[in-house]
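**Student:** Numbering (our numbering), first residue to last: 570 to 953.
Quick one: the structure is below, questions incoming.
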């Protein structure tokens, strides 16, 4: 049986290595950039898209997500959370045989990792089975990653056998817990992320309200569709980790499987043509939030923040939410070229609730960016 599987995989590797896009596939994108290019790519990869079932991913992995194990005449699942940069791993998954199932430790089995987590798009059917962003990975490590953003870790609380890390963010403008794949696969997940905000740009405006982590990576529009700080990180990873043969093989497989492709794998230059400083709204905001915090005292919530580099900056809009997703404006603080700012909210009517705050930083030209979120719980027995 293993001998038969070996020859089947050899045949399919050759087949999917040459499933190139048809001539003229990207003609509609020629000569465009910024939002016009992003929309052109959206139309190209959405037209004639042939959605497959979530269960069909298992079979697809056997075709395009296997690799010959070094020194052994057998193929194994190419798991980005266990394979190291040198092509080895501490353990290997036999295709199909080691499919999850349940797991209790790293190395038990592999499952389907939504690199763009399902909670970010409310588990909508089509993106839930979109092969381009769903990788076969170790089930235990996948569970550790949960629905956290990808990012660069300062202090890991967990490290997988190949060096993938979970922990606090080390990147300015991105706070909280993040998951960092090894350098070998950072470009892979970045291009998958940029594919998702392009393929589903018509839905991103609703997705930003489903999950706190999702809201911190997305912008509520079709362009740029990405939080500026997170976009900078994805562009960094894209540029530092060029497209690999592994990605090309997956991309060819995607075309055979669901009749579309990741344009950022076919033409990596599209990334910097879509998102660059010449595009409206993408010039770096002149104000930088050094610290945003708050405290509850005597029935009031005192919000404070420090800002620097206030060039051509207009105002802060203070927004509040009771679920961490749906925010409304509750106040405005005009720019005054002062390093320290503050705003006071009344807690009296919100006993027993957790309240979330964020700042909308608005430039003179109308471009804006959101701060990280600060939250505070108001006790039921608080005294005023």
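The C-beta atom is built at its ideal place from N, Cα and C for all residues, glycine as well.
For residue 918 and residue 758, what's the separation of their Cα atoms in angstroms?
**Tutor:** Near 43 angstroms, if we compare the C-alpha coordinates of residue 758 and residue 918.
**Student:** On the three-state DSSP scale, how would you describe residue 736?
**Tutor:** The answer is strand: DSSP assigns residue 736 an E or B state.
**Student:** In the DSSP output, which residue or residues are listed as bridge partners for residue 903?
**Tutor:** Residue 903 pairs with 884.
**Student:** Just tell me which of 669, 668, 636 and 663 has its CA closest to the CA of residue 653.
**Tutor:** Of the candidates 669, 668, 636 and 663, the one whose C-alpha sits nearest the C-alpha of residue 653 is 636.
**Student:** DSSP three-state call for residue 782: helix, strand or coil?
**Tutor:** If DSSP states are grouped into helix, strand and coil, residue 782 belongs with the helices.
**Student:** In the segment 697-741, which residue ranges form an unbroken beta strand (DSSP E) of at least 3 residues, counting only runs that do not cross its ends?
**Tutor:** Fully enclosed beta strand (DSSP E) runs of 3 or longer: 703-707, 722-728 and 734-738.
**Student:** Distance, Cα to Cα, residue 941 vs residue 851?
**Tutor:** For residue 941 and residue 851, the distance between alpha carbons rounds to 18 angstroms.
**Student:** In whole angstroms, what is the alpha-carbon distance linking residue 944 and residue 929?
**Tutor:** Cα-Cα distance, rounded: 16 angstroms.
**Student:** DSSP state of residue 772, grouped into three classes?
**Tutor:** In the structure shown, residue 772 sits in coil (DSSP, three-state: anything other than H, G, I, E or B).
**Student:** Please report how far the alpha carbon of residue 867 lies from the alpha carbon of residue 946, in whole angstroms.
**Tutor:** If you take the alpha carbons of residue 867 and residue 946, they lie about 14 angstroms apart.
**Student:** When the Cα atoms are used, what is the spatial distance from residue 628 to residue 691?
**Tutor:** Straight-line Cα distance between these residues: approximately 25 angstroms.
**Student:** For residue 654, does the three-state DSSP call read helix, strand or coil?
**Tutor:** Here residue 654 sits in coil by DSSP.
**Student:** Look at the Cβ atom of residue 727, then the Cβ atom of residue 750, and state whether they are nearer than 8 angstroms.
**Tutor:** Cβ distance not < 8 angstroms, so residue 727 and residue 750 don't count as in contact.
**Student:** For residue 647 versus residue 779, is the C-beta spacing smaller than 8 angstroms?
**Tutor:** No.
**Student:** DSSP on residue 897, reduced to helix/strand/coil?
**Tutor:** Strand at residue 897.
**Student:** Just verifying my parser: in three-state terms, what is the DSSP assignment at residue 608?
**Tutor:** Looking at residue 608 - three-state DSSP - the assignment turns out to be helix.
**Student:** If residue 787 sits next to residue 794, beta carbons under 8 angstroms apart, how far is it from one beta carbon to the other, in whole angstroms?
**Tutor:** With 8 angstroms as the limit, residue 787 and residue 794 qualify as a contact, their Cβ atoms being about 6 angstroms apart.
**Student:** What's the gap between the Cα of residue 760 and the Cα of residue 716?
**Tutor:** If you take the alpha carbons of residue 760 and residue 716, they lie about 18 angstroms apart.
**Student:** DSSP on residue 817, reduced to helix/strand/coil?
**Tutor:** In the structure shown, residue 817 sits in a helix (DSSP, three-state: H, G or I).
**Student:** Since residue 926 and residue 889 should fall inside the 8 angstroms C-beta cutoff, what is the C-beta to C-beta distance between them, to a whole number of angstroms?
**Tutor:** Yes, they are in contact, since the Cβ atoms of residue 926 and residue 889 sit about 6 angstroms apart, within 8 angstroms.
**Student:** Does DSSP classify residue 640 as helix, strand or coil?
**Tutor:** DSSP places residue 640 in coil when its eight states are reduced to three.
**Student:** According to DSSP, residue 909 sits in a beta bridge with which residue or residues?
**Tutor:** Looking at the DSSP assignment, residue 909 forms a beta bridge with 875.
**Student:** Thinking C-alpha only, which one of 818, 817 and 762 is nearest residue 799?
**Tutor:** Nearest option by C-alpha distance: 762.
**Student:** Under the assumption that residue 590 contacts residue 835 (Cβ atoms under 8 angstroms), give the Cβ distance between them as a whole number of angstroms.
**Tutor:** Yes, residue 590 and residue 835 are in contact; Cβ-Cβ is about 6 angstroms, under 8 angstroms.
**Student:** Using CA coordinates, which residue listed in 602, 876 and 702 is at the minimum distance from residue 742?
**Tutor:** Closest option to residue 742, Cα to Cα, is 876.
**Student:** Comparing C-alpha positions only, which one of 921, 612 and 620 sits nearest to residue 828?
**Tutor:** Considering only alpha carbons, the answer is 620.
**Student:** Where does residue 785 land, buried or exposed, given buried means 16+ other C-beta within 10 angstroms?
**Tutor:** Buried.
**Student:** Quick check: what's the CA-CA separation for residue 898 versus residue 886?
**Tutor:** Going from the Cα of residue 898 to the Cα of residue 886 covers about 7 angstroms.
**Student:** Enumerate in chain order the residues of its own chain whose CB-to-CB distance from residue 745 is below 7 angstroms, with the five nearest sequence positions on each side excluded.
**Tutor:** Correct list, in chain order: 738.
**Student:** Less than 8 angstroms between the beta carbons of residue 765 and residue 832, yes or no?
**Tutor:** Going by C-beta atoms, residue 765 is not nearer than 8 angstroms to residue 832.
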